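K.L.:
I am attaching a structure below and will ask some questions about it afterwards.
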Amino acid sequence: MRKGVTDMNLSVNHPCFDEKAHRSVGRVHLPVAPKCNVLCGYCDRRFSCVNENRPGLYRKLLEPGETVEYLSAKIEAEPRIRVVGIAGPGEPLTNDETFTTLELIRRAFPHLELCVATNGLLLPNSIDLLAELGVHYITVTVNTISPETASKIYLWALKGNVKLTGVEAGLFVVSRQIEGIRRAVEKGMRVKVNTVLIPKLNAGEITEIARAVRGAGAHIMNIIGMLPLGAFKTMRPPGEGELRRIRKAAASIMPQFLLCRRCRADAWGIPAEEEMGYRGRYLPAEGGNSWVSTG
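In structure tokens form, the structure reads like this:
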């Protein structure tokens with residue numbers, strides 16, 4: 001396994017952690033992890049449209065044995081690819097296929113950086129293996145640090161084979177996420193926290209979340225607006241001004257990443273170039289609620 005690299009090198013090399021890299025470094029998401037261990041109220045993975053861009057969607061689920069050939073083709077098409085991530089379509093750490101894939105990719109492409117996006121429930125248990133496999137980047141979705149609020153955001157969560165609900169589920173989710181972030185940072189990984197802004201539930205808690213994850217060692221935060229899907233399909237998503245105001249407040253506590261693409265589970269290429277239309281005009285980066293420049 002390679003030695004740890006500096007924070008500066010890690011930041012520059014990942015397009016979802018660094019704005020400069022967002023415009024020049026490519027990434028590939030490998031959709032190998034279908035199972036999930038939590039049900040978020042805003043989640044809907046029942047269908048996949050190739051023209052829709054949001055987490056959980058994919059064109060075709062890959063088997064681990066298919067990923068080396070698949071990745072080779074993507075690199076041939078886009079030589080600037082430097083990062084390989086697993087971000088679904090379910091929860092990567094509850095799928096054995098994730099670890100098999102990471103091992104295969106590390107052997108075949110030792111020069112590429114590895115990344116995993118997770119809800120954090122299994123991160124404390126998985127961190128040693130992830131470090132052994134050479135994973136340097138972890139993204140953890142943390143939507144609240146309040147068990148009561150978590151009980152409203154997460155309809156259920158699995159603790160082993162037991163399905164937890166209510167505040168019991170909320171307490172489990174929150175405690176595991178913070179512990180997972182701490183352990184990842186202790187292993188020398190660079191950690192980004194994604195937070196889904198749900199106006200009705202957690203809008204007043206975002207700065208508290210920022211303080212908690214900063215205290216756990218997270219390096220950067222990415223606040224994205226909820227898309228009204230699943231059980232939350234009738235909820236109001238945040239407006240552009242609301243999102244901007246909350247990001248500004250959180251930025252006084254820890255660095256913010258503002259160019260999130262809401263990547264699909266099979267996204268690939270240079271993120272900033274995907275934002276440009278055929279005339280080079282601005283396109284919405286976050287469900288139409290927020291706009292970013294790619295210039």
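Residues in the sequence shown are numbered consecutively from 1, following UniProt numbering.
All residues carry an ideal CB built from backbone N, CA and C; glycine is no exception.
Everything numeric in this text was worked out from a predicted model, so none of it was measured.
#1: Looking only at its own chain, which residues have a Cβ that is under 6 Å from the Cβ of Ala117, when we skip the five neighbours before and after it?
#2: When you compare each of Arg27, Glu186 and Phe232 to Tyr154 by their alpha carbons, which one comes out closest?
#3: Below 7 Å CB to CB, which residues in the same chain sit around Ser151 once its five sequence neighbours on both sides are set aside?
#4: Where DSSP assigns a beta bridge to Ile223, which residues make up the other side?
#5: Closest by CA to Ala203, which one among Pro237, Gly188 and Met221?
#6: Identify which residue in Leu259, Val142 and Leu112 has its Cα closest to the Cα of Gly120.
#7: Any chance the stretch 181-193 sits against the stretch 211-225, with 3 or more Cβ pairs inside 8 Å?
#8: Skipping 5 residues on each side, what residues in its chain have a beta carbon closer than 7 Å to that of Leu201?
#9: Identify every run of the beta strand (DSSP E) within the stretch 101-168, keeping only runs that are complete inside it and at least 3 residues long; order them along the chain.
#10: So, are the CB atoms of Ile206 and Ile223 less than 8 Å apart?
#11: With DSSP collapsed to three states, give me the class of Gly204.
#12: Measuring only the C-alpha atoms, how far is Glu52 from Asp18?
#13: Taking buried to mean at least 16 other C-beta atoms within 10 Å of its own C-beta, is Phe47 buried or exposed?
#14: Given this structure, state the Cα-to-Cα distance separating Leu122 from Leu93, to the nearest angstrom.
#15: Are there 16 or more other CB atoms within 10 angstroms of the CB of Gly65, so buried, or fewer, so exposed?
#16: How should Thr67 be labelled, buried or exposed, when 16 other C-beta atoms within 10 angstroms of its C-beta is the threshold for buried?
#17: Thinking C-alpha only, which one of Cys36, Ala249, Val213 and Val28 is nearest Ile105?
#18: Between which two residues does the beta strand (DSSP E) containing Gly85 stretch?
#19: If you reduce the DSSP assignment to three classes, tell me which class Pro89 lands in.
#20: Short check: CB of Leu133 to CB of Phe109, under 8 Å?
#21: Would you tell me roughly how many angstroms separate the C-alpha atoms of Glu69 and Ala184, rounded to the nearest one?
P.N.:
From the atom records:
#1: Here residue 117 refers to the residue found at position 117 of the sequence shown. Around Ala117: Ala87 and Thr139.
#2: Counted from its first residue, the sequence shown places residue 154 at position 154. Of the candidates Arg27, Glu186 and Phe232, the one whose C-alpha sits nearest the C-alpha of Tyr154 is Phe232.
#3: To locate residue 151, count along the sequence shown from 1; it is residue 151. Closer than 7 Å at Cβ, skipping near neighbours: Gly166, Val167, Ala169 and Gly170.
#4: The residue given as residue 223 occupies position 223 in the sequence shown. In DSSP, Ile223 forms a bridge with Thr195.
#5: The count along the sequence shown starts at 1 and reaches residue 203 at position 203. It is Pro237 whose Cα lies nearest to the Cα of Ala203.
#6: If you number the sequence shown from 1, residue 120 lands on position 120. Ranking the options by Cα distance to Gly120, first place goes to Val142.
#7: yes
#8: Within the sequence shown, the letter at position 201 stands for residue 201. Around Leu201: Thr149, Lys152 and Ile153.
#9: 113-118, 135-141, 154-159 and 162-164
#10: Within the sequence shown, the letter at position 206 stands for residue 206. Within the sequence shown, the letter at position 223 stands for residue 223. Yes; because the gap between Cβ atoms is below 8 Å, this pair is in contact.
#11: Counting from one through the sequence shown, the residue named residue 204 turns up at place 204. Correct three-state label for Gly204: helix.
#12: Counted from its first residue, the sequence shown places residue 52 at position 52. Counted from its first residue, the sequence shown places residue 18 at position 18. Residue placement at Glu52 is poorly supported in this model, since its pLDDT is 45, which falls under 50; the coordinates still yield a value, given next. About 24 Å.
#13: Locating residue 47 in the sequence shown gives position 47, where the first residue counts as 1. The predicted position of Phe47 is uncertain, since its pLDDT is 49 and thus under 50; a value taken from the coordinates is nonetheless stated next. The residue is exposed, with fewer than 16 neighbouring Cβ atoms inside 10 Å.
#14: For the purposes of this step, residue 122 is identified with residue 122 of the sequence shown, where counting begins at 1. For the purposes of this step, residue 93 is identified with residue 93 of the sequence shown, where counting begins at 1. Distance between the alpha carbons of Leu122 and Leu93: 6 Å.
#15: Your numbering for residue 65 matches position 65 in the sequence shown. When all chains shown are included, Gly65 counts as exposed.
#16: Here residue 67 refers to the residue found at position 67 of the sequence shown. It counts as buried.
#17: Walking along the sequence shown from the start, residue 105 turns up at place 105. Residue Val28 is the option with its Cα nearest to Ile105.
#18: For this step, residue 85 is matched to residue 85 along the sequence shown. Looking at the DSSP string, the run of the beta strand (DSSP E) that includes Gly85 is Ile81 to Ile86.
#19: In the sequence shown, counting from the first residue as 1, residue 89 sits at position 89. DSSP places Pro89 in strand when its eight states are reduced to three.
#20: For this step, residue 133 is matched to residue 133 along the sequence shown. For this step, residue 109 is matched to residue 109 along the sequence shown. Not a contact, by the Cβ cut-off of 8 Å.
#21: The residue given as residue 69 occupies position 69 in the sequence shown. The residue given as residue 184 occupies position 184 in the sequence shown. Roughly 30 Å separates the two Cα atoms.
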